[in-house]
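For reference, the structure is listed below as structure tokens.
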Amino acid sequence: MISYWIIFGGIMLVSMIVQWRFKSKFKKYSETPLSSGMTGRDVAEQMLHDNGIYDVQIISAQGRLSDHYNPANRTVNLSPEVYSGRSVAAAAVAAHECGHAVQHAKAYSWLQFRSAMVPIVSVASNLVTWVLMIGVLLMIFIHNPYVLAVGVAALAITTIFSFVTLPVEFDASKRALAWLDSKNITHSSAEHAGAKDALWWAAMTYVVAALSSLVTLLYYASMLLGRRD
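For the sequence shown, numbering that gives the first Met the number 0 gives the first residue as 0, with consecutive numbering after it.
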């Protein structure tokens, strides 16, 4: 039990550090002008068209760091500072989200697998906290492991989803950086390095989230198996 809290506390500390680094990097590169003068929307539109994609809409979405690609309605949703921004960060994020659109168009297997998991993950994530809480109480007071087992199964689904997300995110960044370099959107080596740095720290937030989910899963699984013994 004590070792779990040490590991979990360590991961939470790392998570806070990674989140802080990502936000500070994004702020830094948001203030670094893109020498090409393109906005995030310009970058997104050109990357989509260069990949033969004309049926994806580019939308300005509300919220800071709310950027995402929605495969259900085929939209690239960019936060206002990315949509209208003319910075290295705006170009990197816009290209990254279009990287997901390219994955979709090319039937990238990990994205297909992730998309197929979304309906069941939505249900599992909405139920997991309450099911685990009730399951632990039932284990303690009446030694009934079945509800906790359901909670562990739901948590396992969300954990798998978080790990499936990793190759999807890394591949989108790889596609984005390769395209930015090939089209000379990030003219200088400093601009390219900044775009790479920003996307790297963004990816690290997903890595830490996946590890945190795994540690939590192992904790509840060990509780379930220990009680059964």
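Just so you know, even glycine gets a beta-carbon here, dropped at the ideal spot from N, CA and C.
Being a predicted model, the structure only gives us computed values, none of them experimental.
According to DSSP, what are the bridge partners of residue i?
i, result
"serine 59", "Leu77"
Quick test of your reading: residue i and residue j, contact by CB under 8 Å. State the CB separation rounded to the nearest angstrom.
i, j, result
"isoleucine 133", "isoleucine 156", "Not confirmed; about 18 Å, so no contact."
"alanine 194", "alanine 90", "6 Å"
"valine 130", "valine 149", "6 Å"
"leucine 154", "threonine 204", "With a Cβ gap of about 20 Å, leucine 154 and threonine 204 do not count as contacting."
"serine 2", "serine 211", "16 Å between Cβ atoms; not a contact."
"glutamine 61", "valine 167", "Incorrect: roughly 24 Å between the Cβ atoms, too far for contact."
"asparagine 50", "alanine 104", "7 Å"
"alanine 100", "tyrosine 68", "5 Å"
When you compare the CB positions of residue i and residue j, do they come within less than 9 Å of one another, or not?
i, j, result
"leucine 33", "isoleucine 184", "yes"
"serine 23", "glutamate 80", "no"
"aspartate 66", "histidine 48", "no"
"leucine 147", "tyrosine 218", "no"
"valine 17", "valine 207", "yes"
"glutamate 190", "threonine 38", "no"
"glycine 98", "arginine 20", "no"
"aspartate 196", "tyrosine 107", "no"
"arginine 40", "leucine 77", "yes"
"alanine 192", "threonine 158", "no"
"leucine 64", "phenylalanine 7", "no"
"serine 35", "histidine 186", "yes"
Quick one: what does DSSP say residue i is sitting in, helix, strand or coil?
i, result
"proline 32", "strand"
"isoleucine 16", "helix"
"tyrosine 205", "helix"
"alanine 82", "Residue identity check: residue 82 is tyrosine in the sequence provided, not alanine. DSSP places tyrosine 82 in helix when its eight states are reduced to three."
"histidine 48", "helix"
"asparagine 69", "strand"
"tyrosine 53", "coil"
"threonine 144", "Note that residue 144 is proline in the sequence shown, not threonine. Residue state, collapsed to three classes: coil."
"asparagine 125", "helix"
"histidine 186", "coil"
"isoleucine 37", "Looking at the sequence itself, residue 37 is methionine, so the reference to isoleucine does not match. In the structure shown, methionine 37 sits in coil (DSSP, three-state: anything other than H, G, I, E or B)."
"glycine 98", "helix"
"lysine 105", "coil"
"leucine 131", "helix"
"leucine 154", "helix"
"leucine 64", "coil"
So does residue i have its beta carbon nearer than 8 Å to some heavy atom of the ligand NAD?
i, result
"aspartate 180", "Judged by which ligands are present, the structure shown has none, so any question about the ligand NAD falls away."
(request) Say whether the region 178 to 198 touches the region 219 to 226, bearing in mind that this needs 3 or more beta-carbon pairs closer than 8 Å, one atom from each stretch. (result) no
(message) Would the region 70 to 81 count as touching the region 50 to 57 if we require 3 or more Cβ pairs under 8 Å?
(response) yes
(message) Pairs of beta-carbons, one from the region 154 to 169 and one from the region 77 to 88, closer than 8 Å: are there three or more?
(response) Contact check between the region 154 to 169 and the region 77 to 88: fewer than three CB pairs, one atom from each, fall below 8 Å, which does not count as touching.
(request) Determine contact between the region 111 to 125 and the region 198 to 217, defined as no fewer than three beta-carbon pairs at a distance below 8 Å. (result) no
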